[in-house]
Amino acid sequence: MNALSTRNRKLVYMGIVLALLVPIIYLGQPPTTGASASGGLISRMRFEEDLGEASLGDVDPASTSMSLVLLGLRGIAANILWMQAEEEKMTKQWSQLERTVESILLLQPHFQSVWKFQCWNLTYNVSAECDAVEDRYFWVKRGLIFLTRGVDRNRYIPELPHDAGDFSGKKIGRADEREFYRKFFVVDPDRERFNGGPDKAVNPDGIDNYLRAREWYQLANDRADLGKVQQHKMDFPLFFAYPYRSLFDYATAQQQDAVNAPLEDIPSLFQDAQQRWAEAAREWTSIYGRKVFTVPIFGTLQIDGTEEELAQFAAADNMSLEQKLVFRDRYQNTVGYRFWKTRCEVEAETEMSDAHRLLVEGRRKYERDQDMVGAEEAYREGLLKMQSMFQKFAGEFGPNQLGIDDRDLAEEVIKALIFYRSTRELLGNPVDENEDYPMRQLWIDPEMQSQIKELLEKFQRWQGGLTT
4 MNALSTRNRK LVYMGIVLAL LVPIIYLGQP PTTGASASGG LISRMRFEED
54 LGEASLGDVD PASTSMSLVL LGLRGIAANI LWMQAEEEKM TKQWSQLERT
104 VESILLLQPH FQSVWKFQCW NLTYNVSAEC DAVEDRYFWV KRGLIFLTRG
154 VDRNRYIPEL PHDAGDFSGK KIGRADEREF YRKFFVVDPD RERFNGGPDK
204 AVNPDGIDNY LRAREWYQLA NDRADLGKVQ QHKMDFPLFF AYPYRSLFDY
254 ATAQQQDAVN APLEDIPSLF QDAQQRWAEA AREWTSIYGR KVFTVPIFGT
304 LQIDGTEEEL AQFAAADNMS LEQKLVFRDR YQNTVGYRFW KTRCEVEAET
354 EMSDAHRLLV EGRRKYERDQ DMVGAEEAYR EGLLKMQSMF QKFAGEFGPN
404 QLGIDDRDLA EEVIKALIFY RSTRELLGNP VDENEDYPMR QLWIDPEMQS
454 QIKELLEKFQ RWQGGLTT
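Next up, the structure:
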């Protein structure tokens, strides 16, 4: 009787446990994706209230399981893996490092540093080990794809898409291999696999790398505006300026690409660049300049706010108008607001576009056609137009301020002057230093001498056949 009673009790307990499993499974089933419809009732409620793992971005079930298995030891395990990753990085064990980073991601998927750490390793360190530029680009892509995973896994963090914009714009567009990388970004070197188009994982719409960077920066701004997670990468006015600055970079790149572009494509490149500069001018002043920022200590302000608007902000923040004007001017200097406003206006002018085009024509005649007479004429006319624009927009900035503040523009003019002086020598009419030749004021400016020396050395090596 006692044995039967014990058996019955066990059966009852087992039945109760099984009965409780049903609501537990229904209520507590973990999410399988980032969608709100996945998982149990509690998971869905967490997602709706932005309280759970699924609300942060795409969910890796293995990551959740790993955290449950380790319980309180997750931090210790992560520290051990980080030390292992640093050791593998120092010893260049890239395959082992990749596996270690994946293990860290299972434990710390919302720790920004792990995404930046491995993206940097793949994009800079691993790619540098390759000889062929196609192989280096492959690893640059791997880094961008990895960081994209981080953006998807953390849908409220502004810094990660901002970093993706940095890698898409600066690594692709400013590396020593930029001429190849920018082409590969639109037409992947693995033509058979990608059908002569881009790798959709890094460039889904087949656009220029700077325009793709602009999309990433805009996503970062949208997340920062949402306010779920605060960004701590840089001051807010600087952070929000990047989508607009990407347009500056794109327009500049279009002008530079004309040097090696097919002859029939040159007019369209400069036309597109001029239109982009005009677009950038509108957005820089009417959108970015009018955006209302609330920053620590300085309160609420606009980069291009009028005195009347700043007076209202000052009253609301219990500050004086003079303080707001000082803060506005300080931020204008920090982001280079007035300079870029002027630069956009300059570049949107047809005379400036013609100046760029003539300098490109001069270089092509010098290098490809060996037409020194034509090159000298094109350079002289282009430099005269450039000088006219520098003087037209000098104002409070001084006659050389455009070139002093913008290294790329200064480099373009200095290179043109170097080639112009070379054509004069080859034609038996060398430049007299006392001669009033176009853009002389930039050539003799003390602040430009270091850059002039560097570019002259590159030109001399190129003339000797050592480098381009």
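In terms of this note's numbering, the sequence shown has 356 at position 353, counting the first letter as 1, and numbering is strictly consecutive.
All C-beta atoms, glycine included, are put in the ideal place defined by N, C-alpha and C.
Cβ distance (whole Å) where residue i is taken to contact residue j below 8 Å
i: V329; j: D238; result: That belief does not hold up - the Cβ atoms of V329 and D238 are roughly 16 Å apart, past 8 Å.
i: I306; j: R333; result: Their Cβ separation, rounded to whole angstroms, is 10 Å, which puts I306 and R333 out of contact at 8 Å.
i: V3; j: W142; result: Not covered by the structure: residue 3. The range shown for the chain is 4 to 471.
i: L250; j: R285; result: So it is not a contact: roughly 10 Å between Cβ atoms.
i: H165; j: Y220; result: 6 Å
i: E428; j: S391; result: So it is not a contact: roughly 25 Å between Cβ atoms.
i: I269; j: V363; result: 7 Å
i: L361; j: G385; result: 3 Å
i: L24; j: G43; result: About 12 Å separates the two Cβ atoms, so there is no contact after all.
Alpha helix (DSSP H) segment containing residue i, residue limits
i: L108; result: 97-110
i: L229; result: 212-229
i: Y127; result: Here Y127 belongs to no alpha helix (DSSP H), and DSSP marks it neither H nor E.
i: F239; result: 239-243
i: W85; result: 77-93
i: E325; result: 324-338
i: T288; result: Neither: T288 is in no alpha helix (DSSP H) and is coded neither H nor E.
i: V136; result: 136-156
i: L313; result: 310-319
i: C122; result: 115-123
i: K186; result: 181-189
i: E195; result: 194-197
Nearest candidate by alpha-carbon position, reference residue i, set the options
i: C133; options: T151, V154, I107, K95; result: K95
i: F1; options: N11, C347, D228; result: For residue 1 there is no data in the structure shown, the boundaries of the chain being 4 and 471.
i: A204; options: T151, Q121, V349; result: T151
i: K294; options: E282, N224, M355, E348; result: N224
i: N403; options: M451, D374, L362; result: M451
i: W123; options: E89, S106, A351; result: E89
i: T345; options: E325, T288, E311, E312; result: T288
i: D193; options: Q274, R139, H113, L430; result: R139
i: G78; options: E384, G200, L110, E267; result: L110
i: A2; options: V434, Y440, L458, M375; result: Given that the chain is displayed from residue 4 to residue 471, the structure contains no residue 2 and the question cannot be resolved.
i: G176; options: I27, Y253, Q233; result: Y253
i: N263; options: K368, T9, L24; result: K368
i: G401; options: F342, S8, A351; result: F342
i: L420; options: F396, I447, A397, W280; result: I447
i: R102; options: A22, Q87, E267; result: Q87
i: Y340; options: L361, G308, N321, D320; result: G308
i: R226; options: D211, I160, T255; result: I160
i: G230; options: E162, I27, S356; result: E162
i: L445; options: Q394, L430, R215; result: Q394
i: I148; options: S323, F197, W97, D202; result: D202
i: P373; options: F422, N336, Q335; result: For the sequence presented, residue 373 should be read as Gln rather than Pro. The residue with the shortest Cα to Cα distance from Q373 is F422.
i: C347; options: N437, Y247, A381, D320; result: Y247
i: D260; options: R366, G200, G199, V338; result: R366
i: Y382; options: R424, L125, E137, R196; result: R424
i: N336; options: G292, L324, K236; result: G292
Residue range of the beta strand (DSSP E) that includes residue i
i: G168; result: Run containing G168: none in the beta strand (DSSP E); it sits in the alpha helix (DSSP H), 162-169.
i: Q454; result: It is not in any beta strand (DSSP E) - Q454 instead sits in the alpha helix (DSSP H) that spans 452-466.
i: L304; result: 302-305
i: V295; result: 295-298
Residue i classed as buried or exposed, judged by whether at least 16 other C-beta atoms fall within 10 angstroms
i: W85; result: buried
i: A358; result: buried
i: N432; result: exposed
i: D169; result: buried
i: S271; result: exposed
i: S171; result: buried
i: R145; result: buried
i: Q463; result: exposed
i: N157; result: buried
i: V15; result: exposed
i: M389; result: buried
i: G406; result: buried
i: M442; result: buried
i: A135; result: exposed
i: D257; result: Looking at the sequence itself, residue 257 is Gln, so the reference to Asp does not match. It counts as buried.
i: A276; result: buried
i: G467; result: exposed
i: T426; result: buried
i: W280; result: buried
i: D211; result: buried
i: W465; result: exposed
i: Q234; result: buried
is_contact[residue i, chain C] using C-beta, thresh 8 Å
i: N263; result: Looking at the structure shown, chain C is missing, and only one protein chain is on hand.
To test your reading of the DSSP string, which unbroken beta strand (DSSP E) runs of 3 or more residues are found completely within the region 367-450?
none
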